[in-house]
Amino acid sequence: MEKLIITAALTGAEVTRADNPNLPITPAEIAQAAYECYEAGASIVHLHVRHADGTPTQDGAVYKETIERIKEKCDIIIQVSTGGAVGMSAEERLQPVYLKPEMASLSTGSVNFGNNVFLNPPAYLEQFARAMQEHGVKPEIEVFDVGMINNALQLVKRGLLKEPLHFDFVMGVPGGIPATIKNLLHLVESIPQGSTWSVAGVGRAELTLATAAVLLGGHVRVGFEDNIYFAKGVLAESNAQLVERVVQIARIHYRDIATPQEARRILGMGGAA
Ligand code: KMH
Ligand code: ZN
11 MEKLIITAAL
21 TGAEVTRADN
31 PNLPITPAEI
41 AQAAYECYEA
51 GASIVHLHVR
61 HADGTPTQDG
71 AVYKETIERI
81 KEKCDIIIQV
91 STGGAVGMSA
101 EERLQPVYLK
111 PEMASLSTGS
121 VNFGNNVFLN
131 PPAYLEQFAR
141 AMQEHGVKPE
151 IEVFDVGMIN
161 NALQLVKRGL
171 LKEPLHFDFV
181 MGVPGGIPAT
191 IKNLLHLVES
201 IPQGSTWSVA
211 GVGRAELTLA
221 TAAVLLGGHV
231 RVGFEDNIYF
241 AKGVLAESNA
251 QLVERVVQIA
261 RIHYRDIATP
271 QEARRILGMG
281 GAA
């Protein structure tokens, strides 16, 4: 098996300090959290940013400051969000891509998202994929339900996505695919040979699906964006605490952890041989 790539999804757009007081919000807090996750074994950071009052933003200036602060500390792969928060326009969501980060998330379909709709109509997919291509950004295809895989393959046919593809299965969003191992196996079997994948289980499914990914040869995303608990009724103290636990699970199963340079190579982005 390849070494394990751990992505830390530090902040998201929905979680608040009232949910978990340890949520990083400012550029300095997010950069510190990214560094702690890097030290713990993460090789990718999935970034959302916030206004000073804690509300979500896709403002390029806030991303720029956050990215610069992270780069001062370590060489972790920076993956900006183009999902942002529900209700944001396409142009608003695309702002961090213009900063030419190494990676960006690309959701390839619309999905109910709790009581809202996370809107990704075909025109957005084309616009986002094209922008990533033009700015040399590697997409991480965010799959909230199984039909989104086929939408990604349509983009490949049209030359808007280039293989090898990297998928992240976000499982357990209310409105999306339920977070079961049976569903994970179906998703894994549905992607093209030569693709890489990771899984982000929402809430208590995070740990179960992370363990499954370690065993199946996939990769893992953890962090407050998806789950704020360390155990039943016990809030996580930090994002790094969640990363550390995945490292422990991997080591128990003799799976080594990828450095950022190794992750770049595994994802077809260059990096260490
Ligand atoms: N906040 C969600 C509506 C992404 O980052 O690409 C969308 C999201 C996906 O978080
Ligand atoms: Zn996200």
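Add 10 to a position in the sequence shown, counting from 1, and you land on the number used in my numbering. Glycine residues also receive a C-beta, built at the ideal position from the N, C-alpha and C atoms. Values in this document were obtained by computation on a predicted structure and should not be read as measured data.
Bounding residues of the alpha helix (DSSP H) (the contiguous stretch that carries residue i)
i: Ser358; result: Residue 358 lies beyond the stretch modelled for the chain, which goes from 11 to 283, so this question has no answer here.
i: Arg103; result: Ala100 to Leu104
i: Tyr239; result: Segment Tyr239 to Ala241 is the beta strand (DSSP E) holding Tyr239; no alpha helix (DSSP H) there.
i: Ile159; result: Gly157 to Lys167
i: Ile259; result: Asn249 to Ile262
i: Arg274; result: Pro270 to Ile276
i: Val224; result: Ala215 to Leu226
i: Ile86; result: Ile86 -> no alpha helix (DSSP H), and no H or E assigned at all.
i: Tyr134; result: Pro132 to Glu144
Member of the options whose CA lies at the smallest distance from the CA of residue i
i: Leu129; options: Gly185, Gly51 and Phe234; result: Gly185
i: Leu175; options: Ile88, Leu165 and Val183; result: Leu165
i: Asp29; options: Gly213, Met11 and Val209; result: Gly213
i: Asn161; options: Val147, Gly146, Lys148 and Phe177; result: Phe177
i: Ala19; options: Met11, Val59 and Lys13; result: Val59
i: Ala41; options: Thr190, Ile267, Ser248 and Ile259; result: Ser248
i: Pro31; options: Glu46, Ala241, Gly51 and Gly64; result: Gly64
i: Gly280; options: Ile16, Val147 and Val72; result: Val147
i: Ile238; options: Glu150, Ala215 and Thr221; result: Ala215
i: Trp207; options: Ala246, Leu277, Leu217 and Glu272; result: Leu277
i: Tyr73; options: Ile35, Leu135, Gly169 and Asn125; result: Ile35
i: Leu109; options: Ala71, His196, Gly169 and Ile159; result: Ala71
i: Ser200; options: Ile159, Lys167 and Ile191; result: Ile159
i: Glu2; options: Asn122, Ile262 and Glu101; result: Because the chain here runs from 11 to 283, residue 2 falls outside it and cannot be looked at.
i: Glu272; options: Gly124, Ser53, Glu235 and Arg27; result: Ser53
Straight-line gap, residue i to residue j (C-alpha atoms, nearest Å)
i: Val90; j: Gly233; result: 15 Å
i: Gly182; j: Val55; result: 21 Å
i: Glu144; j: Gly243; result: 45 Å
i: Ala268; j: His229; result: 10 Å
i: Glu173; j: Gln203; result: 10 Å
i: Pro37; j: Ala43; result: 10 Å
i: Val224; j: Ala260; result: 6 Å
i: Ala283; j: Leu252; result: Note that Ala283 scores a pLDDT of 46, beneath 50, so its modelled location is shaky; the value from the coordinates is reported in the next line. Cα to Cα, Ala283 sits roughly 28 Å from Leu252.
i: Ala210; j: Thr21; result: 14 Å
i: Leu194; j: Gly94; result: 25 Å
i: Glu254; j: Pro270; result: 16 Å
i: Pro188; j: Phe179; result: 11 Å
i: His61; j: Leu33; result: 14 Å
i: Gly51; j: Val257; result: 7 Å
i: Ala241; j: Glu49; result: 22 Å
i: Glu78; j: Leu219; result: 32 Å
i: Ala250; j: Glu46; result: 6 Å
i: Asp85; j: Arg274; result: 11 Å
i: Ala114; j: Glu82; result: 20 Å
i: Tyr264; j: Thr221; result: 13 Å
i: Ile16; j: Asp266; result: 11 Å
i: Gln68; j: Ser99; result: 10 Å
i: Leu14; j: Arg168; result: 31 Å
i: Glu24; j: Leu197; result: 25 Å
i: Leu171; j: Pro131; result: 16 Å
i: Glu150; j: Thr190; result: 21 Å
i: Gly124; j: Ala246; result: 23 Å
i: Thr7; j: Ile262; result: What is shown of the chain runs 11 to 283, which leaves residue 7 out entirely.
i: Arg231; j: Leu163; result: 23 Å
i: Asp236; j: Val96; result: 15 Å
i: Lys192; j: Pro66; result: 33 Å
Boundaries of the beta strand (DSSP E) in which residue i is found, first to last residue
i: Leu116; result: Met113 to Ser117
i: Glu152; result: Lys148 to Val153
i: Gln203; result: Premise fails: Gln203 is in no beta strand (DSSP E) and is neither H nor E.
i: Glu17; result: For the record, residue 17 in the displayed sequence is Thr; it is not Glu. Per DSSP, Thr17 belongs to the beta strand (DSSP E) from Ile16 to Ala19.
i: Phe177; result: His176 to Met181
i: Leu57; result: Ile54 to Leu57
i: Val230; result: His229 to Val232
i: Val72; result: Run containing Val72: none in the beta strand (DSSP E); it sits in the alpha helix (DSSP H), Gly70 to Lys83.
Rounded distance between the beta-carbons of residue j and residue i, thought under 8 Å
i: Ala141; j: Val107; result: 5 Å
i: Leu104; j: Phe154; result: That pair is no contact at about 19 Å.
i: Ser117; j: Glu152; result: 4 Å
i: Gly227; j: Met11; result: 4 Å
i: Glu112; j: Ile80; result: The pair is not a contact, with the Cβ atoms about 11 Å apart (cut-off 8 Å).
i: Leu57; j: Thr26; result: Between Thr26 and Leu57 the Cβ distance is about 18 Å, and since that is not below 8 Å, they are no contact.
Requested in this report: Anything with a beta carbon under 7 Å from a heavy atom of ligand 2 counts; list them all in chain order.
Outcome: Ala19, Gly22, Ala23, His56, His58, Ser91, Gly93, Ser115 and Glu235
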